[in-house]
Amino acid sequence: MDEQTVSKPGLGRVALLAAFLLAIVHQYLFYGKMPGISYPIFVVLFYAFMLYFAKEQLRKQTWFSYVWMVSIFLLSLTYMLFGNWFFFALNIVVIPVLILLHMTYMLSYRKPAWSGLALIGAALEHLFPQSLRNWATALRLLRRGKGGIPNERKQVLMRVLIGLLISVPLLLIVISLLSTADGVFSQLLEALPRIFDNISLGDWIFRGLWVLLLGLFMFGFVWGFVQSKSYIRTPLVSEFDAMGQKLEAAEAGDDGIGLDDPVIITTVLTAINAVYMLFVSVQFSYLFGAWDGILPENSTYADYARSGFLELILVTSINFAILLLSLLAVRKAGGILKRVIQLLLYILVLCSMVMLYSAYSRLTLYEEAYGYTYIRFLVHAFMIFLGLLLVLAAVRISREPFPLLKCYIVLGLLSYVLMNYIGMDHIIAQQNIQRYEASGTLDAGYLAGLSADVVPELIEFSKQEKGILDEALRSRLSYRTQPKQSWTSFNLANHRERRALAEYFAGEVIQK
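The numbering of the sequence shown is the UniProt record's numbering, which starts it at 1 and goes up by one.
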């Protein structure tokens with residue numbers, strides 16, 4: 001491994017220096033500061049760092065890779081544009097995971113195949129063993145750089161050090177004399193220590209560790225792609241490879257008896273569909289008439305809305321898992337049995353869509369009765385997403401070459417980006433305001449507790465309704481009254497909120 005790690009010492013030292021510089025930028029952007037415009041800036045810098053030093057490993061890019069990259073950048077921009085706390089917290093995990101998988105997809109020597117789920121295994125390999133082993137490479141590069149200093153330069157450095165040691169007592173004497181001679185100079189010297197009053201030694205130690213560890217990690221990460229070591233068997237990777245082998249064996253038509261056996265799947269689908277068709281026939285008696293007052297006996301709107309929608313979503317999710325497993329059996333079956341399984345799968349998809357619609361309508365009734373919240377909005381979005389997954393699976397039932405997994409990944413990426421940009425707080429606020437106009441019922445505390453994205457709309461609503469939200473908005477005003485933050489934490493939604501509140505509550509000063 002020593003020969004491998006020193007094959008590019010010049011590039012390695014530059015990459016190590018760039019990694020530490022990027023780590024310094026990272027601690028400047030994020031240490032003690034909320035993410036804002038700093039997040040997309042760092043994402044761009046990190047991509048530039050990775051793609052420059054690992055450019056020889058970069059594969060030919062496809063539309064899929066570009067969609068992935070643009071999605072990551074759009075998600076990073078949400079920290080600058082929006083103030084929704086849910087996606088603010090969730091993206092802290094989602095964006096690094098997407099970046100890790102994307103880097104592996106573009107640069108890994110393993111060339112992971114989607115059908116074997118090897119991408120996840122390769123990503124974990126590069127995150128841990130490939131990265132950590134190159135920490136030793138970084139130390140070797142530093143040691144070689146230190147050992148390569150010519151003897152003449154060492155003598156010059158030694159002389160500089162001796163000169164500095166001699167200068168210390170002389171400087172003490174000279175400074176003492178000058179401060180006595182000039183009062184202004186003396187005041188300047190007295191003010192210098194105050195600069196360091198707010199800087200603790202522990203703070204600098206933590207910053208140093210931040211830069212050191214992050215710099216080593218980023219060098220190890222990029223160098224793990226530049227000079228990869230082949231790990232034939234590791235516990236994590238072998239587990240994913242084993243899953244991949246099972247899937248490939250099923251697709252190749254392995255005759256072993258398993259859960260994906262065509263006869264077993266046909267039996268399971270027949271039994272399940274019989275129950276589902278009975279359930280759907282009962283649902284149709286009142287599902288499409290609930291809006292006109294046609295409900296189950298002894299059931300109110302609230303009872304109908306509360307009951308069952310979560311269970312229906314869980315059942316639909318189970319159906320989706322059965323559907324994916326059954327798709328493997330379609331390849332193994334032939335003749336009449338294959339057509340029977342395909343028919344049963346279409347029935348399963350149809351019943352699942354009816355269940356989703358039933359759950360969707362129940363939740364809509366529940367929202368009309370009790371209001372609109374983050375959780376209820378997200379459940380709505382999940383049901384729509386699950387419905388789209390079922391539609392894609394239905395396409396795959398009769399078209400075996402259809403790239404289902406890749407379509408799921410693209411759909412998942414685009415759906416998640418859309419959820420970040422759709423304006424969840426705006427929709428929730430508008431629906432609650434419309435509900436108030438129709439029924440006169442309003443949860444003012446919840447409405448005023450939405451993110452900064454909707455504060456201008458809430459101010460306009462409060463104006464129209466004679467200050468119905470003024471008390472809650474005034475509490476936001478006092479919360480937002482704070483010293484000016486660093487430019488790295490700039491967020492457009494928070495900026496608009498502070499300005500709108502300042503204009504609305506004239507005479508109450510917000511420090512800008």
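Cβ atoms here follow ideal geometry from the backbone N, Cα and C, with glycine treated the same way.
Go to residue i, then tell me how far its alpha helix (DSSP H) extends in each direction, as first and last residue.
i	result
A54	Note, A54: premise wrong, no alpha helix (DSSP H); not H, not E.
F402	Here F402 belongs to no alpha helix (DSSP H), and DSSP marks it neither H nor E.
F86	85-107
W342	Before going on, a small fix: residue 342 reads as Gln here, not Trp. That run of the alpha helix (DSSP H) goes 335-370.
P35	Careful: P35 lies outside any alpha helix (DSSP H) and carries neither H nor E.
E503	492-504
D443	Counting along the chain, D443 falls outside any alpha helix (DSSP H), and DSSP gives it neither H nor E.
F82	First-last for F82: undefined, no H or E at that position.
E125	118-127
residue 587	What is shown of the chain runs 1 to 512, which leaves residue 587 out entirely.
Please report the straight-line C-alpha distance between residue i and residue j, rounded to a whole angstrom.
i	j	result
W68	Y370	38 Å
L22	F505	43 Å
A274	G224	54 Å
A438	A502	31 Å
A500	N494	10 Å
V97	Q27	20 Å
R140	G220	13 Å
A19	F402	42 Å
Y408	F88	24 Å
L132	E368	54 Å
R496	G83	11 Å
I336	L119	36 Å
N432	T373	9 Å
I347	R399	17 Å
S65	L127	20 Å
S470	G215	The question names Ser, but residue 470 in the sequence shown is Asp. In a straight line, the C-alpha of D470 is about 49 Å away from that of G215.
G32	V43	19 Å
W135	L107	19 Å
I24	K229	28 Å
L363	H380	8 Å
A366	V395	Sequence inspection shows Tyr at residue 366; the Ala mentioned does not correspond to that position. About 33 Å.
V280	C351	7 Å
I265	V222	46 Å
N491	I95	18 Å
G10	L345	59 Å
G412	I313	18 Å
A252	I397	Low confidence applies to A252: its pLDDT is 46, below 50, so where it sits in the model is not reliable, and the reading given next is rough at best. About 17 Å.
D203	M419	38 Å
I92	P35	10 Å
K406	L392	11 Å
Y436	A429	11 Å
I341	V349	12 Å
Label residue i either buried or exposed according to how many other C-beta atoms from any shown protein chain fall within 10 Å of its C-beta, with 16 as the threshold for buried.
i	result
L389	buried
F240	Here F240 scores only 46 on pLDDT, less than 50, and its place in the model should not be relied on; the value that follows carries that caveat. Buried, by the Cβ-count rule.
Q227	buried
Y416	buried
D255	Annotation note: pLDDT 47 at D255 (below 50); position unreliable, no value reported.
V70	exposed
Q464	exposed
A122	buried
T270	exposed
Y276	buried
E460	exposed
L16	buried
G449	exposed
D261	buried
A48	exposed
A321	exposed
V211	buried
Between the stretch 453-461 and the stretch 418-434, do three or more beta carbon pairs fall short of 8 Å?
-> Enough Cβ pairs lie closer than 8 Å, so yes.
Could you tell me whether the stretch 48-59 touches the stretch 72-84, using the rule of 3 or more Cβ pairs below 8 Å?
-> Taking a cut-off of 8 Å for Cβ pairs, the stretch 48-59 and the stretch 72-84 do not touch, as fewer than three such pairs fall below it.
Meets three-Cβ-pair contact criterion under 8 Å: the stretch 379-393 and the stretch 356-364 = Taking one beta carbon from each stretch, the stretch 379-393 and the stretch 356-364 have 3 or more pairs nearer than 8 Å; the two touch.
Is the stretch 484-492 in contact with the stretch 440-450, if contact means three or more CB pairs nearer than 8 Å?
-> Touching, no, given that fewer than three Cβ pairs across the two stretches are closer than 8 Å.
Count the C-beta pairs between the stretch 96-108 and the stretch 461-478 that are closer than 8 Å, then say yes if the count reaches three, no if not.
-> With contact defined as three or more Cβ pairs closer than 8 Å, the stretch 96-108 and the stretch 461-478 are not in contact.
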